[in-house]
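Here's the structure, in structure tokens; my notes come after.
Number of protein chains: 2
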Amino acid sequence: MSQKYCYQYPHPAVTTDVVVFTLRDERLQLLLVKRGGEPFKGSWALPGGFLDIDEDLESCAKRELQEETGVSGVYLEQLFTFGKPDRDPRERVISVAYYALIPSDRLELKASSDAADADWFPLDELPELAFDHNQVIRIAHERLVSKLSYSTIAFQFMPEAFTLSELQSVYEILRNEPLDKRNFRKWISTLDQVEETGEQRRTGQHRPAKVYRMKHPNRVEIIR
Amino acid sequence: MSQKYCYQYPHPAVTTDVVVFTLRDERLQLLLVKRGGEPFKGSWALPGGFLDIDEDLESCAKRELQEETGVSGVYLEQLFTFGKPDRDPRERVISVAYYALIPSDRLELKASSDAADADWFPLDELPELAFDHNQVIRIAHERLVSKLSYSTIAFQFMPEAFTLSELQSVYEILRNEPLDKRNFRKWISTLDQVEETGEQRRTGQHRPAKVYRMKHPNRVEIIR
DNA sequence: TATCCTTTGTGTAATCCAGACACTTAGTAT
DNA sequence: ATACTAAGTGTCTGGATTACACAAAGGATA
Numbered sequence: 001m002s003q004k005y006c007y008q009y010p011h012p013a014v015t016t017d018v019v020v021f022t023l024r025d026e027r028l029q030l031l032l033v034k035r036g037g038e039p040f041k042g043s044w045a046l047p048g049g050f051l052d053i054d055e056d057l058e059s060c061a062k063r064e065l066q067e068e069t070g071v072s073g074v075y076l077e078q079l080f081t082f083g084k085p086d087r088d089p090r091e092r093v094i095s096v097a098y099y100a101l102i103p104s105d106r107l108e109l110k111a112s113s114d115a116a117d118a119d120w121f122p123l124d125e126l127p128e129l130a131f132d133h134n135q136v137i138r139i140a141h142e143r144l145v146s147k148l149s150y151s152t153i154a155f156q157f158m159p160e161a162f163t164l165s166e167l168q169s170v171y172e173i174l175r176n177e178p179l180d181k182r183n184f185r186k187w188i189s190t191l192d193q194v195e196e197t198g199e200q201r202r203t204g205q206h207r208p209a210k211v212y213r214m215k216h217p218n219r220v221e222i223i224r
Numbered sequence: 001m002s003q004k005y006c007y008q009y010p011h012p013a014v015t016t017d018v019v020v021f022t023l024r025d026e027r028l029q030l031l032l033v034k035r036g037g038e039p040f041k042g043s044w045a046l047p048g049g050f051l052d053i054d055e056d057l058e059s060c061a062k063r064e065l066q067e068e069t070g071v072s073g074v075y076l077e078q079l080f081t082f083g084k085p086d087r088d089p090r091e092r093v094i095s096v097a098y099y100a101l102i103p104s105d106r107l108e109l110k111a112s113s114d115a116a117d118a119d120w121f122p123l124d125e126l127p128e129l130a131f132d133h134n135q136v137i138r139i140a141h142e143r144l145v146s147k148l149s150y151s152t153i154a155f156q157f158m159p160e161a162f163t164l165s166e167l168q169s170v171y172e173i174l175r176n177e178p179l180d181k182r183n184f185r186k187w188i189s190t191l192d193q194v195e196e197t198g199e200q201r202r203t204g205q206h207r208p209a210k211v212y213r214m215k216h217p218n219r220v221e222i223i224r
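Same order as they appear, the protein sequences are chains A and B.
First residue of the first sequence? That's 1 in full-length UniProt numbering, and the numbers climb one at a time after it.
First residue of the second sequence? That's 1 in full-length UniProt numbering, and the numbers climb one at a time after it.
Here's what the structure looks like:
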């Protein structure tokens, strides 16, 4: 094919890459795709791709997310823009990285056409990654952990309806430490972010748990 | 000139823009340059410009900062990447925005060659700006204010040597409220970030103040 | 139908941190 | 000597965070 888009000065290519977090099997996991083409063919990498010339950055990230996971309407935030001159061997590529949080009940993967394969990996068992994607993931994880302490971002991992024990478990996984049940519930109630649905949930031979929902499912509040 | 840089797919242009904050005349001010060329010729805008094809993003921002203010070695942090398809009427432009904090003793402006004029403006007396630069500034200001409360970023406005009253004044300007002297000093001492130089400073007909310096002048610590 | 098992759900006391608040000290000018 | 001004310093109170243990509800089983 001919080189038909010409400029007076050299232009870099622009991509978006998305770090897709979820909680699966009591662990923080993220989505990787196996690269079907060069460079790094066969390596695992973050889902992402080139920005269409008339497409907004966030739309591009949402599109990648939709193509790789089939989900939309989840929490998505711009993370950082990476642009070391040699980060892609083909040409100069600026990558605007986003990160997304997927509720644990919405992760039906569908392998996309341009990815030979896609799978979830626990954060502490990542393979070697293409490009500078290990660095991107490290920064995304730092952002997530830091937002834990001053926002309600962790609620974005919850399904529509959940129990307080499930919510506590999410915090325990993310912070990697056990929490006191009474203090946790006291703290949650001061946040004023959840309400009872009136339903109960029976799992196993013991007292059923009250079911809650978020008051503002799509909002991430700054707290403290 | 001919269009000699050609690609198989259309590429956006990439720029960096820098929101340069300083404290002048007891106010938070920022640097704007008057645009010498189209579009928005004659309008005020953030200092910035196109990324060289082999230049790192942060290097590009540092270069703009150096060209417009003559300073280097100051605090510079990536802010956000703006990429609405129509934000520049010439062509698709992705702008990676940075913000910088300049100590109040280092702001000798030198008008650069490609800016007809450059000047400081108080944040609350900004003129109409080119492109989406009003939005960029708003987000930079939000970031600065929020970092105030959980980091030592405000120290980056201080000269090498300063008194505790001067430091308190910086916080009062940035937070736009008076602070209690004893509580402020108690808080500063818990931070363990400053040390006495042994010098004193006499200004006016009253008790001289002890002079301090930062223990780690180039580091911004996360606190709390 | 009584007992056991498991998870849900709840309160109080102790400690730490943040905020309110006023006077003495050191120097200059008259 | 006196007056003026900004520098420098400690205590008390209220609110928030932490530590900590037992009763309640339901299912399974004997």
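All C-beta atoms, glycine included, are put in the ideal place defined by N, C-alpha and C.
These numbers come from a predicted model, not from an experiment.
Under the three-state reduction of DSSP output, Glu196 of chain B falls in the strand class.
CA-CA distance, Gln66 of chain A to Arg143 of chain A, rounds to 22 Å.
Beta-bridge annotation (DSSP): Glu77 of chain A is paired with A:Tyr99.
Of the candidates A:Arg185, A:Gly204, A:Thr203, A:Arg202, A:Arg185 places its Cα closest to the Cα of Glu195 of chain A. In the structure shown, the three-state DSSP call for Ala61 of chain A is helix.
Taking C-beta separations shorter than 6 Å and ignoring five residues to either side along the sequence, the partners of Phe21 of chain A in its chain run Leu30, Leu101, following chain order. Proximity of the stretch 202 to 218 of chain B to the stretch 154 to 167 of chain B meets the contact definition, three or more beta-carbon pairs being nearer than 8 Å. Boundaries of the beta strand (DSSP E) harbouring Val19 of chain A: 13 to 24, taken from the DSSP string. Taking one beta carbon from each stretch, the stretch 131 to 139 of chain A and the stretch 163 to 181 of chain A have fewer than 3 pairs nearer than 8 Å; the two do not touch. For Asp25 of chain A, the closest of A:Gly70, A:Glu160, A:Tyr212, A:Glu166 by C-alpha to C-alpha distance is A:Glu166.
Within the model, the alpha-carbon separation for Ser146 of chain B versus Ile139 of chain B is close to 11 Å. For Leu179 of chain A, the closest alpha carbon among the candidates A:Leu164, A:Glu125, A:Thr152, A:Arg90 is that of A:Leu164. Within 8 Å of the CB of Phe80 of chain B, the CB atoms of chain A belong to Gln78, in sequence order along the chain. Neighbours of Glu55 of chain A in chain B, taken as residues whose beta carbon is under 8 Å from its own, are Pro85 in chain order. Within the same chain, Cβ atoms closer than 7 Å to the Cβ of Glu77 of chain A are found at Tyr98, Tyr99, the five residues on either side in sequence being excluded. The C-beta of Thr16 of chain A has 16 or more other C-beta atoms within 10 Å across all chains shown, which makes the residue buried. His141 of chain A sits away from Leu126 of chain A, with the two beta carbons spaced by 8 Å or more. Inter-residue distance for Val136 of chain A and Phe50 of chain B is about 24 Å (C-alpha atoms, whole angstroms).
Your pair Ile53 of chain A and Arg92 of chain B checks out as a contact, with CB atoms roughly 6 Å apart and the cut at 8 Å.
Here the alpha carbons of Pro85 of chain A and Trp44 of chain B stand approximately 31 Å from one another. The beta carbon of His11 of chain B falls within 8 Å of a beta carbon belonging to chain A, placing the residue at that interface. Residue-level contact by beta carbon fails for Val93 of chain B and chain A, as no gap is shorter than 8 Å.
The beta-carbon distance between Leu46 of chain A and Val19 of chain A, rounded to whole angstroms, is 6 Å. This is short enough to meet the 8 Å contact definition. At a cut-off of 8 Å between C-beta atoms, Val170 of chain A does not count as an interface residue with respect to chain B. Think of a sphere of 8 Å around the beta carbon of Phe50 of chain A: the chain B residues whose beta carbon falls inside it are Tyr9, in chain order.
Between Cys60 of chain B and the set B:Tyr9, B:Val211, B:Ser95, the nearest pair of CA atoms involves B:Ser95. In this structure Glu68 of chain B is buried. Its beta-carbon is surrounded by 16 or more other beta-carbon atoms within 10 angstroms. Ala154 of chain A sits in a helix when the DSSP states are folded into three classes. Residue A:Ser104 holds the alpha-carbon nearest to the alpha-carbon of Leu28 of chain A among A:Ser104, A:Gly204, A:Ile223. Annotation for Lys210 of chain B: no alpha helix (DSSP H) segment contains it, though the beta strand (DSSP E) segment containing it runs 209 to 214. Between the C-alpha atoms of Thr197 of chain A and Ser189 of chain A there is a straight-line separation of about 15 Å.
For Tyr98 of chain B, not one C-beta of chain A is nearer than 8 Å to its own C-beta.
By the criterion of a C-beta distance shorter than 7 Å, Ile222 of chain B is surrounded in its chain by Tyr150, Ser151, once the five residues flanking it on both sides are discounted. Checking the DSSP bridge columns, you'll see Asp119 of chain A partnered with A:Leu32. For the 8 Å CB-CB criterion, Arg90 of chain B and Pro39 of chain B form a contact.
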